[in-house]
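A.B. asks:
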Amino acid sequence: MNYPKVLLVDDEKDFVCTLAERMELRDIKVDVAFNGKEALEKIKEHEHQVVVLDLLMPGMPGLEVLRRIEKDHPNTEVIILTGHGEQECKEEAIRLGASYCLLKPINIEELIDKMMTVLSLSESKKP
Amino acid sequence: MLIITIIPLLLMATFNYHQYQSRLKEEIVAPMKVLVNKTKHSFELFLAGRLSTVNFIASAYTYKELADEANLQRIFQVLRAEFEGFVDLGLIDSSGRQISYVGPYELQGKNYAEQPWFQQVKVRGVYISDVFKGFRKFPHLVIAVQHFSRSGDRWWIVRATIDTGKFDELIAAMGLGAGEDAFLINHEGILQTSSKFCGSVLDRCGLSIPPRSYEPNVMEDFYLTGRNTVVAYAYFTRTNLILMVVKPRAEVLKAWYTLKSEIAIVFAIGVIIIAAVVFRLTGTLVNRLKESDQKRELVLREMQHSHKLSSIGRLAAGVAHEINNPLAVINEKVGLVRDLLEYRPDRPDMKEVLLRHLSVIVRAIDRCSAITHRLLGFARRMDVTIEQMDVNEVIEDVLSFIEKDAAYRNVTLEKHLAKDLNRITSDRGQLQQVFLNIVNNALAAVEDGGWIAIATTNGRSDSIEVTVQDNGCGMSQETLRHIFEPFFTTKKGEGTGLGLSITHGIVKRLGGDIQVKSAVGEGTLFTVQLPKTPPEMGEENAS
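Respectively, the protein sequence lines represent chains A and B.
Mapping the first sequence onto the working numbering, position 6 (from 1) lands on 6, and the numbers just tick up by one.
Take any residue in the second sequence, note its place counting from 1, add 127, and you have its number in the working numbering.
(1) Could you have a look at Y188 (chain B) and say whether DSSP puts it in helix, strand or coil?
(2) Output the boundary residues of the alpha helix (DSSP H) element that contains C17 (chain A).
(3) Hey, G83 (chain A) and A447 (chain B): beta-carbon distance below 8 Å or not?
(4) I'd like to know whether the C-beta of K104 (chain A) is nearer than 8 Å to at least one C-beta of chain B.
(5) Report the start-end ranges of each alpha helix (DSSP H) in the region 320-383 of chain B that is 4 residues or longer and not cut off at the edges.
(6) Can you check which of these residues, A:V16, A:I69 and A:L25, is closest to H46 (chain A) by C-alpha distance?
(7) Would you check if the distance between the CB atom of S335 (chain B) and the CB atom of A361 (chain B) is smaller than 8 Å?
(8) Along the alpha helix (DSSP H) that carries E91 (chain A), what are the first and last residues, could you check?
(9) Smallest Cα separation from T651 (chain B): which of B:P243, B:N567, B:P658 and B:G586?
(10) In this structure, how does DSSP classify K227 (chain B) when only helix, strand and coil are distinguished?
(11) Give the DSSP bridge partners of D215 (chain B), in chain order.
(12) So the candidates are B:D308, B:D348, B:L657 and B:V229; which of them puts its Cα closest to the Cα of S322 (chain B)?
(13) Report the rounded CA-to-CA distance for E24 (chain A) versus G62 (chain A), giving the unit in angstroms.
(14) Please name the residue, chosen from B:V573, B:V634 and B:I255, that lies closest to E649 (chain B) on a Cα-to-Cα basis.
(15) Find the residues of chain A that neighbour E574 (chain B), judging by a C-beta separation of less than 7 Å, and give them in chain order.
(16) Does L111 (chain A) get closer than 8 Å to chain B when you measure Cβ to Cβ?
(17) Consider the Cβ of S670 (chain B): report whether some Cβ of chain A lies at a distance smaller than 8 Å.
(18) Nearest by alpha-carbon distance to R277 (chain B): which of B:F562, B:Y190 and B:D348 is it?
(19) Can you round the beta-carbon distance between L563 (chain B) and V525 (chain B) to whole angstroms, since I take them to be within the 8 Å contact cut?
(20) How big is the Cα-Cα spacing for I513 (chain B) and L637 (chain B)?
(21) Could you tell me if M159 (chain B) is buried or exposed, where buried requires 16 or more neighbouring beta carbons within 10 angstroms of its beta carbon?
(22) If the cut is a Cβ gap below 8 Å, which residues of chain B does R22 (chain A) touch?
(23) For I219 (chain B) versus A194 (chain B), is the C-beta spacing smaller than 8 Å?
(24) Which residues mark the beginning and the end of the beta strand (DSSP E) in which P243 (chain B) is found?
(25) Just how far apart, CA to CA, sit Q674 (chain B) and E520 (chain B)?
(26) Should N567 (chain B) be flagged as near chain A, meaning a C-beta pair shorter than 8 Å?
(27) Note down the Cα distance separating F275 (chain B) from D215 (chain B), rounded to an integer number of angstroms.
(28) Tell whether a beta-carbon distance below 8 Å holds between D517 (chain B) and L548 (chain B).
(29) Just the Cα atoms here: how many angstroms apart are Q235 (chain B) and R365 (chain B)?
(30) Keeping to the same chain, check which residues put their C-beta closer than 8 Å to that of Y100 (chain A); ignore five residues upstream and five downstream.
(31) For chain A, is any of its Cβ atoms less than 8 Å away from the one on V456 (chain B)?
(32) Over the uninterrupted beta strand (DSSP E) stretch that includes F275 (chain B), give me the two end residues.
(33) According to DSSP, what are the bridge partners of Y254 (chain B)?
(34) Residues in the same chain with beta-carbon distance under 7 Å from M1 (chain A), minus the five sequence neighbours each way, listed in chain order, please.
(35) Along the region 472-497 of chain B, what residues have a CB closer than 9 Å to any CB found in chain A?
(36) Run through the region 629-658 of chain B for me and flag every whole beta strand (DSSP E) of 3 or more residues, listed as ranges in chain order.
Encoded structure:
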């Protein structure tokens, strides 16, 4: 089964759906989730290789989602993409194991480039 | 202040006045007493001398010698040559009959037995009469001395008359000024010498008889011929005489009056100088106070403004996120439109698709501008602008800032805003800061997943009440005691400790009141009461 290897998580539906549509135009299939809880469920089910994660979301905060992914799915790489500019928050994310910490708004080519880098890293980690 | 400064001066002037008055009077009165004493002594010495002379004649000569008129004539001549003033000399026997007489009158054989002075000599042995005028209209007095024979069984009297011209000499020797007077009176107030103001010899003196005093004494406020005078006097010891010295009061106290007017002038000048200095000083002080009040007011406003900005600054990360999200949406939508034009240029429903995406872009732009407008509305300067308002709107404004933050932390924001809330007259900018501070504190106090309840209700006499309650960590009684003090903070290293102090200051200035109840581990309740209209804002509006 050819399930998308990338999961986009953000509470901003307009943003995440548009981003997914643009990726599809570039023949990249991505999955989307609108909050932390939904994201964890999807990861548990499909073991995505890359998760693009927002930090500030109602319900479970992004850092908590990151912590759980690192704990339960060590092969899954996380890219933080947030509108929240606090340096401390970014450092905390990197410390918890995020591969990149990117700030919204972002150029899609740059995001795809980072995703591919991380994806190849994830592939190489596979046993 | 003027009264306080003048009182010591007044006390000093009064004290000096009395001190000088008593000292000066003493200085003026003492010489008068000395003069009276000296003159009295001269008079007494004169009389004593004449009395001794008569006494000597009575003792030195026998009755027989004195009864012999030729002999008496010889004695009288020697007497007149040695002692001035003697007018006549005579011998009177114990029956009162004039035995012999030398003098200008025809008195031989005259009987004095019934005369009061004769009786007095019999009792006292000595007699000095008051002054009287004899046949030649010269004032004179009589000295009579009783003398006993050697065996003591017989006695006789030697009597002499003395011209009182010497009295006038003694008075002239006192060297009195033109306005001054000195004279003798007897105990009945009859003049014994002539006086400048009171009349001639044997006239009744206009002055009342002073109280008996053998030592020189001074009496003030004696009115003599319409003038207020000072009188110095002394009673004679062996005669019926009183020596009186009269000086016009104005002349006696001239020095004192001069001094008094000088004291008054010095006092008046002192008061004027003090008044000028006091008015100048108070004026300067009041101006300084006014200036420092204005400066304080200015600093307070600056402080409030910067505190408000820093409150907004603390929200900046959240605000950035708020703006970045719609920006990211716009970015993606624009990117998608470009992608569609590039990857699917022949799509049949292109127009509808593009319009749909453009409307999302417009919505995102609206979100951005709403946020920036809200920020600008908050960050405007703290100038006092009094207006009618619905406090519910202010609360909504404040909450819109923290709603996202609360949502991310799963903090429930409960709003119980009264629909019929009284409109009040107050300052919107300052009230925003008040509620932003309180709600921010509540948000800091609650754990993730906690709750904050904001309620508005109508109070008494058109006032309103706003309560902000949370179920956060709460505060101890010790913290509560200092909560509104400047620079008091429990957020070590984070807060300035000015937030609640500024909040308290603003509420008080707007005529309201703020109370806080709290218990550790249970939460905190802030209650803010605001009046329908603030008190006296005229001054602040003017500044």
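The C-beta atom is built at its ideal place from N, Cα and C for all residues, glycine as well.
All values derive from a computational prediction rather than experimental measurement.
C.D. replies: Judging by the given coordinates:
(1) Of the three classes helix, strand and coil, the one that applies to Y188 (chain B) here is coil, per DSSP.
(2) K13 to L25
(3) Going by C-beta atoms, G83 (chain A) is nearer than 8 Å to A447 (chain B).
(4) yes
(5) 376-379
(6) A:I69
(7) no
(8) Q87 to L96
(9) B:N567
(10) It should be pointed out that residue 227 (chain B) corresponds to Ser in this sequence rather than to Lys. In the structure shown, S227 (chain B) sits in a strand (DSSP, three-state: E or B).
(11) B:T288
(12) B:D308
(13) 25 Å
(14) B:V573
(15) Correct list: empty, because the minimum Cβ distance to chain A is about 13 Å.
(16) Output row for L111 (chain A): interface = no.
(17) Below a pLDDT of 50, predicted positions are generally treated as unreliable, and S670 (chain B), at 35, falls in that range; the measurement from the model is reported next regardless. Not one chain A Cβ lies under 8 Å of S670 (chain B).
(18) Between R277 (chain B) and the set B:F562, B:Y190 and B:D348, the nearest pair of CA atoms involves B:Y190.
(19) 5 Å between Cβ atoms; contact.
(20) 10 Å
(21) buried
(22) Within chain B, E459, G462, L463 and D466 have C-beta atoms less than 8 Å from the C-beta of R22 (chain A), given in sequence order.
(23) no
(24) Segment P243 to R251 is the alpha helix (DSSP H) holding P243 (chain B); no beta strand (DSSP E) there.
(25) The first residue shown for chain B is 128 and the last is 670, placing residue 674 (chain B) beyond what the model contains.
(26) no
(27) 22 Å
(28) yes
(29) 29 Å
(30) I79, I80, K114 and V118
(31) Taking 8 Å as the threshold, the shortest C-beta distance from V456 (chain B) to chain A falls below it.
(32) Here the beta strand (DSSP E) through F275 (chain B) covers P266 to F275.
(33) B:A271
(34) For M1 (chain A), the predicted model reports a pLDDT of 42, less than 50, meaning its position is unreliable; a value from the coordinates is still stated below. Excluding positions up to five away in sequence, the list is empty.
(35) H484, V487, R490 and A491
(36) 640-646 and 650-657
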